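Inspection log for the structure reproduced underneath, given as structure tokens.
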Amino acid sequence: MAHLLSKSKYIRGLQCDRALWLDVFNPRLARYTAEQMQRFDRGRDFEFAFKSTFPDGIDLSAELHRNVDAYPERTAQLLDGVHTPTPLRGTPPNLGGEQNSPTPPSCSPKLGELAAPCGLTEECVHEQITLFEAGFLYDDVLVLADVVHQNADGTLDIYEVKSGNALSETYKRDAALQHYVISHCREVRTFNVVYSGIDDFVVTNLTEELATQHNEIARNIEAMKEILRHGEPATPTGQHCLEPYACPYQHYCAQGVRQMSLF
Ligand code: SF4
């Protein structure tokens with residue numbers, strides 16, 4: 000299913016409604032400086048170094064590349080692949096005779112729905128598996144998580160990797176959207192933001208803090224969908240074009256300002 004918003008579009012939309020609209024309908028207008036491209040490269044290198052600490056991790060991007068709408072289904076296949084329900088408590092033992100092996104009940108959630116707790120079986124063992132760039136879709140928002148580790152009880156530990164050396168508010172807003180989407184698809188045990196320490200990775204568990212922000216995020220998403228139902232907003236330029244990120248559409252919006260100033 001095609002997504003409407005992504006993490007980067009949501010973050011763009013928090014900065015400017017016009018930038019969100021351009022990101023969705025005219026992204027080719029974006030221009031990034033050499034310095035911004037270098038920062039992206041540094042971020043990728045740092046992320047790669049952290050992923051290397053999970054030698055058995057499966058990288059979905061190596062299989063699916065830019066086909067991002069295929070990521071949630073493939074993620075669900077991998078997470079549910081070796082799901083081994085054990086017999087229900089009180090199930091009579093098989094005393095021989097004709098074999099009758101009905102398909103065991105599954106606790107796999109449908110995409111976009113909250114996973115049901117595995118109350119059906121005495122013990123429900125999930126494969127402990129680590130995925131890179133696992134995809135989750137909820138509320139028309141697609142997010143790809145840097146590192147997702149599934150525990151034996153089916154819960155997930157999420158690691159979002161940031162190359163900065165401090166935990167900024169923008170990192171938290173980014174993480175809050177991911178927590179919102181992923182926790183509506185699966186049970187999240189911990190959500191961690193990873194950033195750079197003096198000579199090691201710093202891992203900060205933000206699970207409780209992020210869980211309090213769901214209502215605000217739902218409102219933001221609805222507001223962004225409303226923006227995208229209409230034409231390009233005529234938002235004027237200002238300080239918001241530079242903070243928290245330098246907007247890649249500044250040259251485009253500046254043209255509009257110049258054209259207006261001719262009259
Ligand atoms: S340059 Fe400014 S007004 Fe134009 S899209 Fe970017 S943030 Fe919005």
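With numbering that gives the first Met the number 0, letter number 92 in the sequence shown gets 91, and the count goes up by one each step, no holes. Glycine is no exception: its CB is placed at the ideal position from the N, C-alpha and C atoms. Fair warning: this is a prediction, and the values are worked out from it, not measured in the lab.
(request) Let me know if Asp145 comes out buried or exposed under the rule of 16 or more other beta-carbons within 10 Å of its beta-carbon. (result) That one is buried.
(message) Shorter than 7 Å, the distance from the beta carbon of Leu136 to the closest heavy atom of the ligand SF4, or not?
(response) Checking the Cβ of Leu136 against the ligand SF4 gives no.
(request) Following the continuous alpha helix (DSSP H) through Ser182, name the residue where it begins and the one where it ends. (result) If you look at Ser182, you'll find it in the alpha helix (DSSP H) that goes 168–182.
(request) Report yes or no: is there a C-beta of chain B within less than 8 Å of the C-beta of Thr74? (result) Among the chains in the structure shown there is no chain B, since it carries only a single protein chain.
(message) I need the straight-line Cα distance from Asp152 to Lys6, nearest angstrom please.
(response) 28 Å
(message) Is the separation between the beta-carbon of Leu77 and that of Ile128 shorter than 8 Å?
(response) yes
(request) Give, in chain order, every unbroken run of the beta strand (DSSP E) that is at least 3 residues long and sits entirely within the region 191–246. (result) 200–204
(request) On the DSSP bridge assignment, give the partners of Ile157 in chain order. (result) Val147, Phe190
(request) State buried or exposed for Ile181, treating a residue as buried only when at least 16 other CB atoms are found within 10 Å of its CB. (result) buried
(request) Kindly give me the distance between the Cβ atoms of Leu176 and Val202, rounded to whole angstroms, as I take these residues to be in contact under 8 Å. (result) Contact doesn't hold; Cβ gap of about 20 Å is too wide.
(request) Would you mind stating whether Asp139 and Leu4 have Cβ atoms separated by less than 8 Å? (result) yes
(message) Buried or exposed for Pro71, going by 16 or more other Cβ atoms inside 10 Å?
(response) buried
(message) If you measure from each CB to the nearest heavy atom of the ligand SF4 and keep those under 5 Å, what residues do you get, in chain order?
(response) Cys15, Arg17, Ala18, Thr234, Thr236, Cys240, Cys246, Tyr248, Gln249, Cys252
(message) Let me make sure I understand the geometry here. Which of Arg172, Gly12, Tyr194 has the alpha-carbon closest to that of Ala165?
(response) Tyr194
(request) Could you check the C-alpha separation between Ser105 and Tyr31 for me, to the nearest Å? (result) At Ser105, the pLDDT of 40 sits below 50, so the modelled position is not reliable; the number obtained from the coordinates is stated separately. Approximately 47 Å between the Cα atoms of the pair.
(request) Thinking Arg172 and Leu21 are a contact (beta carbons under 8 Å), I'd like their distance in whole angstroms, please. (result) Not quite, the Cβ-Cβ distance comes to about 20 Å (not below 8 Å), so this is no contact.
(request) Express the C-alpha separation of Arg73 and Cys117 in angstroms, rounding to a whole number. (result) Confidence at Cys117 is low in this model, with a pLDDT of 49, below 50, so its placement is unreliable and the value that follows should be read with caution. Taking the straight line from one Cα to the other gives about 21 Å.
(request) Have a look at the DSSP bridge pairing and note the partners of Asp139. (result) For Asp139, which the question treats as bridged, DSSP gives no partner whatsoever.
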